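Read through the structure below, which is laid out as structure tokens, and then see the notes.
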Amino acid sequence: DTGVSQNPRHKITKRGQNVTFRCDPISEHNRLYWYRQTLGQGPEFLTYFQNEAQLEKSRLLSDRFSAERPKGSFSTLEIQRTEQGDSAMYLCASSLTVVRLNTGELFFGEGSRLTVL
Amino acid sequence: GQQVMQIPQYQHVQEGEDFTTYCNSSTTLSNIQWYKQRPGGHPVFLIQLVKSGEVKKQKRLTFQFGEAKKNSSLHITATQTTDVGTYFCAGPQGGKLIFGQGTELSVKP
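Each protein sequence line maps, in turn, to chains A and H.
Going by the numbering used here, the residue at position 19 of the first sequence is 19; the numbering climbs one at a time, nothing skipped.
Going by the numbering used here, the residue at position 59 of the second sequence is 176; the numbering climbs one at a time, nothing skipped.
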């Protein structure tokens, strides 16, 4: 399977616990994005990387959220001290940047669904 | 910041009827992308429009990009049950995409 892979697919945790999600993008893609989606809403941008560099992080993102892409391949998204409002689907997407375009087609993974009790 | 708005939020149609969703941006876009998300699935890329006034067709789907590059539409002719899902438009802002809230299409057989 050469698509975007995310795990775990589902995570149930208690409020206050830390959780980590992993994303393996399509291997030749240089950009990796994290989005959050709640029911009835479109994907909400969280952060993105070009290779190993984190180029932008949403201003709405709490400092409890941190993401890494240490070797420019897979990425992790960690949420510390989870709150019930963090319950959502966390989507990872990757793309191959074309020089003259801002953003190429995004290939999404199946997502990691977080439930905070 | 840039906002992307879609209407309607929901559309229920009888199979065979047409469907249209509209997308409006608060700023001029360099391009616009459309995605489809099936129930329980993840967004899947449909198409990208780049030129002012561009019209592209994919079988029963027709995509338009406005002359001012601030609005777009997706029209489905003679809907089928396989068209069920949520359709999102997305515009670039820097290196990321900003998504609209989507239009959920349900099709009654």
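From the three backbone atoms N, C-alpha and C, an ideal C-beta is built for every residue, glycine too.
Only a predicted model underlies this, so the values are computations on that prediction, with no experimental measurement involved.
Counting only the Cα atoms, Q181 (chain H) lies some 7 Å from G170 (chain H). Every unbroken stretch of the beta strand (DSSP E) spanning 3 or more residues and falling wholly within the region 146-172 of chain H is given here in chain order: 149-154 and 161-166.
For the pair S143 (chain H) and Q120 (chain H), the CB atoms are nearer than the 8 Å cut-off. If you draw a 10 Å sphere on the C-beta of R9 (chain A), you find fewer than 16 other C-beta atoms in it, and that means exposed. Under the 8 Å criterion on CB atoms, F180 (chain H) is classed as non-interfacial with respect to chain A. Residues of chain A whose Cβ lies closer than 9 Å to the Cβ of G202 (chain H) do not exist, since the nearest Cβ in that chain is about 13 Å away. With a cutoff of 8 Å on beta-carbon distance, Q150 (chain H) and G42 (chain A) are scored as not near each other. When C-alpha distances from T199 (chain H) are compared across H:K153, H:A207 and H:T145, the shortest belongs to H:K153. Here I215 (chain H) is buried, its C-beta having at least 16 other C-beta atoms within 10 Å. Around the CB of N18 (chain A), fewer than 16 other CB atoms lie within 10 Å, so the residue is classed as exposed. Among the CB atoms of chain A, none fall inside 8 Å of the CB of P156 (chain H). The beta carbons of V4 (chain A) and F107 (chain A) sit about 5 Å from each other, so the pair counts as a contact at 8 Å.
Contact annotation for P125 (chain H) against chain A: no contact, minimum CB-CB distance about 13 Å [criterion: below 8 Å]. What K213 (chain H) touches in chain A, judged by beta-carbon distance under 7 Å, is Y33, F45, Y48, E56 and T103, going in chain order. The continuous beta strand (DSSP E) containing I124 (chain H) extends over residues V121 to I124.
When 9 Å is used as the limit between beta carbons, G16 (chain A) is near no residue of chain H, the shortest such separation being about 29 Å. P209 (chain H): member of the beta strand (DSSP E) spanning G202 to Q210, first to last residue.
Per DSSP, the continuous beta strand (DSSP E) segment holding I193 (chain H) begins and ends at N188 to I193. Taking 8 Å as the CB threshold, G85 (chain A) stays off the interface with chain H. Listed in chain order, the non-local C-beta contacts of E52 (chain A) below 7 Å within the same chain comprise R69, P70, K71 and G72, local neighbours out to five positions each way being set aside.
With contacts defined as CB atoms closer than 8 Å, T203 (chain H) and R177 (chain H) fail to qualify as a contacting pair. Here the alpha carbon of V167 (chain H) sits roughly 6 Å from the alpha carbon of S147 (chain H).
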